[in-house]
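Here is the structure we will look at.
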């Protein structure tokens, strides 16, 4: 019997934990007729591969960078309201001859914070970075929080994104600035969300704190203690599981830190529910992700 096909498209894709996570979720629900695989797809071949997947009877797909934005250029999808605003789609659902697009990343971040006991409604959120992840997360939180400040190495990029978010959400308390005022911005925030690639790959030894200008006669540790006390610090990076940024944040008192593992799991769980109408067991998915991460560390 032919299995229901699911998968993730990306380039590179060998790092993806999605196959392990979704395969475990299907198995736990006894859905043995479902198969989830990773496919290396170059941006220029995206339209062709999506059409092929549709012809092959695929039920659902996930997209990773840089395909999340590229998918709009294909003209193949019907995006939901949020993914249209975010300009990025990470989940496709093939249904009744149509291809529907969704973005579950930002809600995944929200669920991860809720899971950690962090209530974000009415809070001040600081987002580090102004790329694709920052855009969808700032959009989502701007509709729920008191204020959102986006800080980025390039000030103009942060300001342009903040203006776009204000226009799309109607929340006028969305601001963009550079790293110059970073320590002050950290001090004024309740929740800090780090969305850049600092702390992973070739930047694995670099922390956001290294990029912020220190006050005269103060060390980085002293500034962290002064500005981070009682905050929630969330890094969307999940490999490594503890970035330098998270490690350094723990110098401050009463800090709650979390990595991107639960965001990955919750965005996946939301996609799973879109495709199947069933709620997967997030604990099973977490176990599979942590096991896959452990294997990758030992490779």
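In the UniProt record's numbering, the protein residues as written are 1 to 299. A virtual CB, placed ideally from N, CA and C, is assigned to each residue, including glycine. These numbers come from a predicted model, not from an experiment.
Alpha helix (DSSP H) containing residue i: first to last residue?
i           : result
residue 268 : 261-276
residue 279 : Counting along the chain, residue 279 falls outside any alpha helix (DSSP H), and DSSP gives it neither H nor E.
residue 29  : Careful: residue 29 lies outside any alpha helix (DSSP H) and carries neither H nor E.
residue 136 : 132-142
residue 248 : 244-249
residue 46  : 46-55
In whole angstroms, what is the alpha-carbon distance linking residue i and residue j?
i           : j           : result
residue 85  : residue 161 : 12 Å
residue 41  : residue 8   : 9 Å
residue 209 : residue 138 : 21 Å
residue 130 : residue 2   : 43 Å
residue 66  : residue 10  : 7 Å
residue 218 : residue 146 : 31 Å
residue 32  : residue 186 : 47 Å
residue 251 : residue 244 : 12 Å
residue 79  : residue 275 : 15 Å
residue 135 : residue 165 : 8 Å
residue 170 : residue 144 : 12 Å
residue 287 : residue 24  : 9 Å
Can you tell which of the options has its C-alpha closest to the C-alpha of residue i?
i           : options               : result
residue 124 : 143, 195, 52 and 191  : 191
residue 128 : 110, 152 and 116      : 152
residue 20  : 285, 177 and 238      : 285
residue 113 : 296, 295, 279 and 256 : 256
residue 296 : 239, 262 and 249      : 239
residue 269 : 28, 12 and 4          : 28
residue 109 : 228, 279 and 267      : 267
residue 94  : 52, 246, 182 and 263  : 52
residue 92  : 61, 72 and 299        : 61
So if DSSP puts residue i in a beta bridge, which residue, or which two residues, is it bridged to?
i           : result
residue 7   : 37 and 61
residue 91  : 62 and 102
residue 191 : 125 and 232
residue 257 : 233
residue 78  : 100
At which residues does the beta strand (DSSP E) containing residue i begin and terminate?
i           : result
residue 149 : 147-151
residue 235 : 232-235
With DSSP run on the structure shown, which of helix, strand or coil describes residue i?
i           : result
residue 321 : Lying before the first or after the last residue shown, residue 321 is absent from the chain, which here runs from 1 to 299.
residue 176 : strand
residue 21  : helix
residue 185 : helix
residue 156 : helix
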